[in-house]
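Enquirer:
Numbering (our numbering), first residue to last: 582 to 735.
1) Of the residues 635, 644 and 629, which one's Cα is nearest the Cα of residue 660?
2) If I measure Cβ to Cβ from residue 590 and keep anything under 6 Å in the same chain, skipping five residues before and after, which residues do I get?
3) From which residue to which residue does the alpha helix (DSSP H) around residue 647 run?
4) Under 6 Å Cβ to Cβ from residue 711, same chain only, skipping five residues before and after it: list those, please.
5) What are the boundary residues of the beta strand (DSSP E) that includes residue 662?
6) Taking one C-beta from the segment 636-644 and one from the segment 590-606 each time, how about it: are there three or more such pairs within less than 8 Å?
7) In chain order, what residues of the same chain have a beta carbon less than 7 Å from the beta carbon of residue 697, not counting five sequence neighbours either side?
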């Protein structure tokens, strides 16, 4: 038995970056900072910040790009993924990222709203992009054609 699940709560270090694959799938990238503080043996307060790379596919990625911004808090649930590529100098490079399955927007946008939104992608395989017709997604956002941005609770 094995389990690959990550849950983190942190603040965005920069605005999200949204791109589209050649097949048209949306992919959003952003970094999230988590911090811990403690008092060491000598009584000095210490703090450590860890940066996490987040990758979000499809409609969920588009929503992250639209509603998240630098400094905003987010709760991310997903899986760890390591990928590799060859650098220009021929060396092999690696990065470990969190492939987000659920993202909850914490706190308000820059307008001072106090409620967040919880967007999920429960059934979507985010490890590999798929065309829009192949998506089977579950969001807490209405799919009604009359849906407007005013219907979002934050």
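Ideal Cβ positions, reconstructed from N, Cα and C, are used throughout, including at glycine.
Expert: Looking at the coordinates:
1) Closest by alpha carbon: 635.
2) Excluding its 5 nearest sequence neighbours in each direction, residue 590 has C-beta neighbours in its own chain below 6 Å: 656, listed in chain order.
3) The continuous alpha helix (DSSP H) containing residue 647 extends over residues 639-648.
4) The predicted model places residue 711 with a pLDDT of 35, which falls under 50 and marks its position as unreliable; any figure quoted below should be read in that light. For residue 711, where only same-chain residues beyond five positions count, there are no Cβ hits under 6 Å.
5) 654-667
6) yes
7) Residue placement at residue 697 is poorly supported in this model, since its pLDDT is 49, which falls under 50; the coordinates are not used for a value here.
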